[in-house]
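These notes are about the structure you will find just below.
2 protein chains.
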Amino acid sequence: MTPTLAELGEEELLKRLARFAPPGQLDDDTACLGSDARPLLVNTDVLVDGIHFSDTTTAAVDVGWRAVAANLSDLAASGAVSIDGITVALVAPGTTPWSWVEGVYDGINAALEKHGGTLLGGDCSSGSSRLLSVTALGRLGPLRLLRNAAQPGDVLISSGPHGLSRLGLALLQKEPLVQTNSLSAELQDQAISQHQRPRPRLDALNGLLACKPAELSWRAGGTDSSDGLLAAVQGLCSSSGTGAQLDRSHLPRPQEWPHGDLWDRWCLAGGEDFELVFSIPPAWADALETTLAGCRRFGQITDKTGSIVWSDDKKPVLDGGFDHFASS
Amino acid sequence: MTPTLAELGEEELLKRLARFAPPGQLDDDTACLGSDARPLLVNTDVLVDGIHFSDTTTAAVDVGWRAVAANLSDLAASGAVSIDGITVALVAPGTTPWSWVEGVYDGINAALEKHGGTLLGGDCSSGSSRLLSVTALGRLGPLRLLRNAAQPGDVLISSGPHGLSRLGLALLQKEPLVQTNSLSAELQDQAISQHQRPRPRLDALNGLLACKPAELSWRAGGTDSSDGLLAAVQGLCSSSGTGAQLDRSHLPRPQEWPHGDLWDRWCLAGGEDFELVFSIPPAWADALETTLAGCRRFGQITDKTGSIVWSDDKKPVLDGGFDHFASS
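First to last, the sequence lines map onto chains A and B. Quick note on numbering: numbering that gives the first Met the number 0 labels position 105 of the first sequence as 104, and the sequence is numbered without any gaps. Quick note on numbering: numbering that gives the first Met the number 0 labels position 319 of the second sequence as 318, and the sequence is numbered without any gaps.
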């Protein structure tokens, strides 16, 4: 039997957690990062049981993986070319089995091993429900990607398809809306994997950096699509004071994606695909399309502040956002 | 009437929170810190409603202040001479009134204005109970204070008295143990203030750095006493493989502190005084006593691994630690 956190006690819990970090790393409350010439990027994300994950859809190891992936995705969307590491605040009731915590930290380390960085430190406490608050630190490369740096005439281009994570969730929750017999086994596997093990697209950022035409300056709008593709476009437009036209026939739908409103809604607003969405000059977009396999051009930035419309009929693309507070 | 978080919605909440940070600071998910030659220190602390604070003893503004103070205290105890800033993850039920959140961030900014640093970023989510997870970033000075750097022969010296925060809590909770009529109004005020508005002792670190005798190297053991004075000594001893002798007659009791077992226990294990505890060579301790008003020499480090005893009768000093998980 795995012990509960109350049975372990705080001292033993901290000892066990220290095994997930480099030797001696968690001996002190504070982690030390060697300095270098490059500016530091910092990001904090919180994952709460029942909101961002649940036992029915997310194994402990996937909770840890997703917590890291969500944070590194934000760093990639800001221009981080290397990851220093993360701190983790873990809150859980005393009745939580140790095996769950161990699974979470196994997932954290698996994601860090894959994408770089180490567990730098953290804190833990009991509390009424389980949650993780992760702060990630990385180093900026030559381009600071900003939400407010989109300009009219830019191409909107995403690092990959959207909607898979939402489909994966639907499959895991056995939502009756989804006729699984019409979906290939490959698409289903891909969707579940995208939901449980999203990849932060540090590779896509590197592709963008590698292919910038020499005549262009280091200016690009960018964000990740953790809240959905449309929310990413809205974020770029509202921060930059621009509008956008989306190309209905070139939405970044996954391969073999069914036709229909539900499926387009999931592509636009399903969320949690953790792709990058760039706003870049057409020449840079051309170069990116030849550099980054799977990237998808789906619209352009306009000077019509706050107006996000379809390019064919100029009708508004509706908001499909998700509000973390409204339902609680 | 102040709106609840559910009434505000996430977008409006984020807008309101952005007013607590420098203009534009929270526009992107990731904060950027300019780089300089000095290594970076990182610390994460989590504060949970019902465990680290409660409405009956801690106003919202004090919750915010304490969250910052606890983090900066850890940075000071590691050798940070300047503070870059903090990220804040806020979790609260949708029924939480906005005025509480506003109070917390007012307290956060009051502490940052006093001690340095800005609100760099963060995240928020609904959740079943209120909590704050704060990550603080600061720059290391010439001395990296470590728990494992204590050496036999070192003097144990604290930056100030211990027990006030615990007395403050007792007064706020009207615990029957405390005979308030025997305590001066000044001591009571000081205790409540220490509980609600603890100061991170960055000044004490600066005092330590300023007075190092030239013939000594930059080597000192150090930690803060957030978990209590005895826990700080235990942390130094277990990380350094040493023991300690404490001088019963020179415990760092507050002025006008009553005599008795309860009061000595609060001095040793009351916790949350957020003073610094140093393990330094005697010549450095002599210099510190003339530099830092209120610092208190209370024992020495020995080579008897794990043995923490009174210097007069060599009897063990009992553990009065507090386990965050055991009671939940």
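Beta carbons are placed, not taken as given, at the ideal position from N, Cα and C, and that holds for glycine.
Strictly by DSSP, which residues pair up with residue i?
| i | result |
| --- | --- |
| PHE277(B) | ILE156(B), GLY221(B) |
| SER124(A) | VAL90(A) |
| THR135(A) | Inspection of the sequence shows that residue 135(A) is occupied by Ala rather than by Thr. In DSSP, ALA135(A) forms a bridge with ASN42(A), ILE85(A). |
| GLY298(B) | LEU155(B), LEU245(B) |
| THR3(A) | PRO96(A) |
| TRP262(B) | DSSP, once it has assigned bridges, lists no residue as partnering TRP262(B). |
| PHE19(B) | Beta-bridge pairing links PHE19(B) to no other residue. |
| ASP48(B) | PHE52(B) |
| ALA30(A) | VAL41(B) |
| LEU118(B) | ILE85(B) |
| ALA190(B) | Looking at the DSSP assignment, ALA190(B) forms no beta bridge with any residue, so it has no partner. |
| VAL308(B) | GLN244(B), PRO315(B) |
| THR145(B) | According to the sequence as given, residue 145(B) is Leu; it is not Thr. The partner list for LEU145(B) (beta bridge, DSSP) reads GLY220(B). |
| LEU182(B) | For LEU182(B), which the question treats as bridged, DSSP gives no partner whatsoever. |
| ALA79(A) | LEU139(A) |
Is it the case that the Cβ atoms of residue i and residue j are separated by a distance below 8 Å?
| i | j | result |
| --- | --- | --- |
| LEU176(A) | LEU261(A) | yes |
| ASN70(B) | VAL133(B) | yes |
| PRO253(B) | LEU171(B) | no |
| LEU4(A) | GLY93(A) | yes |
| LEU139(A) | GLY221(A) | no |
| PRO151(B) | ILE279(B) | no |
| ASP48(A) | ARG129(A) | yes |
| LEU168(A) | THR56(A) | yes |
| GLY269(B) | GLY227(B) | yes |
| PRO209(A) | GLY137(A) | Contrary to the premise, residue 209(A) reads as Ala rather than Pro in this sequence. No, these two residues do not count as a Cβ contact at 8 Å. |
| GLY84(B) | THR117(B) | yes |
| ALA68(B) | ASP223(B) | no |
| GLY206(A) | THR290(A) | yes |
| ARG295(B) | SER157(B) | yes |
| PRO2(B) | TRP97(B) | yes |
| TYR104(A) | LEU201(A) | no |
| SER127(A) | SER127(B) | yes |
| ASP302(B) | ARG247(B) | no |
| LEU39(B) | LEU39(A) | yes |
I think residue i touches residue j, with their Cβ atoms under 8 Å apart; what is that distance to the nearest whole Å?
| i | j | result |
| --- | --- | --- |
| GLY106(A) | ALA135(A) | Rounded, the Cβ-Cβ distance is 15 Å, inconsistent with contact. |
| ARG165(A) | TRP265(A) | 4 Å |
| ALA148(B) | ALA219(B) | 6 Å |
| HIS114(B) | PRO199(B) | 6 Å |
| LEU142(B) | TRP217(B) | 5 Å |
| LEU163(A) | GLN193(A) | 4 Å |
| ARG146(A) | LEU235(A) | 6 Å |
| ALA20(B) | LEU46(B) | No, ALA20(B) and LEU46(B) are not in contact; Cβ-Cβ is about 19 Å, not under 8 Å. |
| LEU287(A) | VAL41(B) | Not really, about 34 Å apart at Cβ, beyond 8 Å. |
| SER225(B) | PHE273(B) | 6 Å |
| LEU144(B) | SER77(B) | 5 Å |
| LEU215(A) | ALA282(A) | 7 Å |
| SER125(B) | ILE50(A) | 6 Å |
Could you check if residue i belongs to the surroundings of the ligand HEM, using beta carbon to heavy atom distance under 7 Å?
| i | result |
| --- | --- |
| ASN108(B) | Absent from the structure shown: the ligand HEM. Ligands present: none. |
Cβ-based contacts, 9 Å cut-off: residues of the segment 298–315 of chain A near chain B: none
Are the segment 80–91 of chain B and the segment 116–134 of chain B in contact at 8 Å, needing three or more beta carbon pairs? yes
Inter-stretch contact at 8 Å, needing at least 3 Cβ pairs: the segment 296–308 of chain A / the segment 230–249 of chain A: yes
For the segment 34–48 of chain B, list every residue whose C-beta sits within 9 Å of some C-beta in chain A, in sequence order. SER34, ASP35, ALA36, ARG37, PRO38, LEU39, LEU40, VAL41, ASN42, THR43, ASP44, VAL45, LEU46, VAL47, ASP48
Of the residues that make up the segment 112–131 of chain B, which ones have a beta carbon closer than 7 Å to any beta carbon in chain A? LEU119, GLY120, GLY121, ASP122, SER124, SER125, GLY126, SER127, SER128, LEU130
Please list, in chain order, the residues of the segment 151–185 of chain A that have any C-beta partner in chain B closer than 7 Å. none
Please list the residues of the segment 135–149 of chain A that have a C-beta atom closer than 7 Å to any C-beta atom in chain B, keeping them in chain order. LEU136, LEU139, ARG143, LEU145, ARG146, ASN147
The segment 79–92 of chain A: which residues have C-beta closer than 7 Å to a C-beta of chain B, in chain order? THR86, ALA88, VAL90, PRO92
Counting only Cβ-Cβ distances shorter than 7 Å, please list the residues of the segment 232–245 of chain B near chain A, keeping chain order. SER238
So if I threshold CB-CB distances at 7 Å, which residues from the segment 209–225 of chain B count as touching chain A? none
Going along the chain, which residues of the segment 50–62 of chain A sit with their C-beta nearer than 9 Å to a C-beta in chain B? ILE50, HIS51
Between the segment 260–284 of chain B and chain A, which residues of the former have a C-beta closer than 9 Å to a C-beta of the latter? none
Against chain B: residues of the segment 191–211 of chain A by CB proximity under 8 Å: none
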